[in-house]
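*Asks:* This is the structure I want to talk about, given as structure tokens.
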Ligand SMILES: Cc1cc2nc3c(=O)[nH]c(=O)nc-3n(C[C@H](O)[C@H](O)[C@H](O)COP(=O)(O)O)c2cc1C
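In our numbering, the protein residues as written are 2 to 239.
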């Protein structure tokens, strides 16, 4: 595939078919992504690959945690404070989840959410519909493979930066090979369910997840959110 075509065709896939991904294909994609540049070539990230029984276990474990969290967010202030104090029902990921967006970024976030729900016919006040859609994150959108990216805590912001470059390289390699991906910050909410299955070094922090597989022919996969015009991203000269 031409580079520009791969860039244009990559999009977040939020419905995967049942077609499995072979170990050969998976290894090839990951190997291609290891050519990504990184700070002093340190490659300060490690990847946990979940498939088969491990993935099925996570597909069962994570959605109820999400349900519990949403119920907590809708409960009384008293219950929320108690949960925070006891850590009961709270996420145990390594990074603080983004809840309050900066004012200047909020409109872009809102527009993307609105466009998605409009495409799916989920109305503004339809809390249940929105919940069901968000919950699909924790079922990996039916993907046969999920990757969890951990970053070394010792390189400050450069570990997440390098991991981001790695992830985009992987996503483009997957597009080129006819596979779909969805990077998912949502999958960084809980670390403990992963500890059960993977020997994760303590100094590596859970940054992001990624679902991988073959795209299903579903409306949601036709979602193409707008981008901010380039002028909005350029800093003007004084
Ligand atoms: C770091 C990162 C985290 C993301 N987290 C999620 C997520 O948790 N759930 C989801 O459905 N999409 C997630 N996305 C996908 C973005 O919503 C998507 O990239 C953006 O809307 C642009 O759409 P496109 O990828 O189809 O071009 C994430 C993307 C990135 C890069």
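Think of the CB as a built atom: it goes at the ideal place given N, C-alpha and C, for glycine as much as any other residue.
This structure is a prediction, so every number in the text was calculated from the model and none was measured.
Determine the contact status of residue 51 and residue 59, defining contact as a CB-CB distance below 7 angstroms.
*Replies:* Position 50 of the chain shown, counted from the first residue, corresponds to residue 51. Position 58 of the chain shown, counted from the first residue, corresponds to residue 59. Result yes, Cβ atoms of residue 51 and residue 59 sit closer than 7 angstroms.
*Asks:* Would you mind stating whether residue 16 and residue 171 have Cβ atoms separated by less than 7 angstroms?
*Replies:* Along the chain shown, read from residue 1 onward, the residue named residue 16 stands at position 15. Along the chain shown, read from residue 1 onward, the residue named residue 171 stands at position 170. In this structure, residue 171 does not lie closer than 7 angstroms to residue 16 by Cβ.
*Asks:* Listed in chain order, which residues are found with a beta carbon closer than 6 angstroms to a heavy atom of ligand 1?
*Replies:* For ligand 1, the selected residues are 12, 13, 15, 113, 138, 183, 184, 185, 186, 187, 209, 226.
*Asks:* Please tell me whether residue 26 and residue 214 are closer than 7 angstroms, where the distance is taken between their beta carbons.
*Replies:* In the chain shown, counting from the first residue as 1, residue 26 sits at position 25. In the chain shown, counting from the first residue as 1, residue 214 sits at position 213. No, Cβ-Cβ distance for residue 26 and residue 214 is not below 7 angstroms.
*Asks:* Quick one: give me the first and last residue of the beta strand (DSSP E) that residue 50 is part of.
*Replies:* For this step, residue 50 is matched to residue 49 along the chain shown. Its beta strand (DSSP E) spans residues 46 to 52.
*Asks:* What's the gap between the Cα of residue 192 and the Cα of residue 124?
*Replies:* One-based indexing of the chain shown puts residue 192 at position 191. One-based indexing of the chain shown puts residue 124 at position 123. Computed Cα separation, rounded: 32 angstroms.
*Asks:* Answer with yes or no whether the minimum CB distance from residue 230 to chain C is below 7 angstroms.
*Replies:* No chain C is present in this structure, which holds just one protein chain.
*Asks:* Roughly how many angstroms separate the alpha carbons of residue 137 and residue 239, rounded to a whole number?
*Replies:* By 1-based counting over the chain shown, the position of residue 137 is 136. By 1-based counting over the chain shown, the position of residue 239 is 238. Distance between the alpha carbons of residue 137 and residue 239 is about 46 angstroms.
*Asks:* DSSP on residue 12, reduced to helix/strand/coil?
*Replies:* Here the question's residue 12 lines up with position 11 in the chain shown. Three-state result, residue 12: coil.
*Asks:* How many whole angstroms separate the CB atoms of residue 56 and residue 147, which I take to be in contact at a CB cut-off of 8 angstroms?
*Replies:* Sequence index remark: in the chain shown, residue 56 carries index 55 (1-based). Sequence index remark: in the chain shown, residue 147 carries index 146 (1-based). Going by Cβ atoms, the distance from residue 56 to residue 147 rounds to 6 angstroms, so yes, they are a contact pair.
*Asks:* Is it true that the CB of residue 183 sits closer than 7 angstroms to the CB of residue 13?
*Replies:* Taking the chain shown and counting its residues from 1, the one referred to as residue 13 is at position 12. Taking the chain shown and counting its residues from 1, the one referred to as residue 183 is at position 182. Yes, they are a contact pair.
*Asks:* Short of 8 angstroms in beta carbon distance, which residues of its chain neighbour residue 1, apart from the five on each side in sequence? Order them along the chain.
*Replies:* Because the chain spans 2 through 239 in this model, residue 1 falls outside it and cannot be assessed.
*Asks:* Is DSSP giving residue 5 helix, strand or coil here?
*Replies:* For the purposes of this step, residue 5 is taken as residue 4 along the chain shown, with counting starting at 1. Residue 5: helix per DSSP, three-state reduction.
*Asks:* Taking 7 angstroms as the threshold (C-beta atoms), are residue 40 and residue 205 in contact?
*Replies:* For the purposes of this step, residue 205 is identified with residue 204 of the chain shown, where counting begins at 1. For the purposes of this step, residue 40 is identified with residue 39 of the chain shown, where counting begins at 1. No, the pair does not count as a contact, with Cβ atoms beyond the cut-off.
*Asks:* Taking the straight line between their C-alpha atoms, what separation do you get for residue 173 and residue 11?
*Replies:* Numbered from its first residue, the chain shown carries residue 173 at position 172. Numbered from its first residue, the chain shown carries residue 11 at position 10. Going from the Cα of residue 173 to the Cα of residue 11 covers about 7 angstroms.
*Asks:* Rounding to the nearest angstrom, what Cα-Cα distance links residue 178 and residue 220 in this structure?
*Replies:* Working through the chain shown from its first residue, we reach residue 178 at position 177. Working through the chain shown from its first residue, we reach residue 220 at position 219. Those two C-alpha atoms are separated by around 22 angstroms.
*Asks:* How long is the line joining the alpha carbons of residue 226 and residue 188, rounded to whole angstroms?
*Replies:* Locating residue 226 in the chain shown gives position 225, where the first residue counts as 1. Locating residue 188 in the chain shown gives position 187, where the first residue counts as 1. Cα to Cα, the separation comes out at about 21 angstroms.
*Asks:* Using only alpha-carbon positions, find the residue among 203, 81, 155, 108 that is nearest to residue 233.
*Replies:* Residue mapping note: residue 233 aligns to position 232 of the chain shown, counting from 1. Considering only alpha carbons, the answer is 108.
*Asks:* Using the three-state DSSP reduction, which class does residue 182 fall into: helix, strand or coil?
*Replies:* One-based indexing of the chain shown puts residue 182 at position 181. If DSSP states are grouped into helix, strand and coil, residue 182 belongs with the strands.
*Asks:* Let me check understanding here. Comparing Cα to Cα, which of 203, 175, 222 lies closest to residue 8?
*Replies:* Indexing the chain shown from 1 puts residue 8 at position 7. Residue 175 is the option with its Cα nearest to residue 8.
*Asks:* Return the CA-CA distance between residue 90 and residue 194, expressed in angstroms with no decimal places.
*Replies:* The residue you call residue 90 lines up with position 89 of the chain shown. The residue you call residue 194 lines up with position 193 of the chain shown. Rounded to the nearest angstrom, the two C-alpha atoms are 13 angstroms apart.
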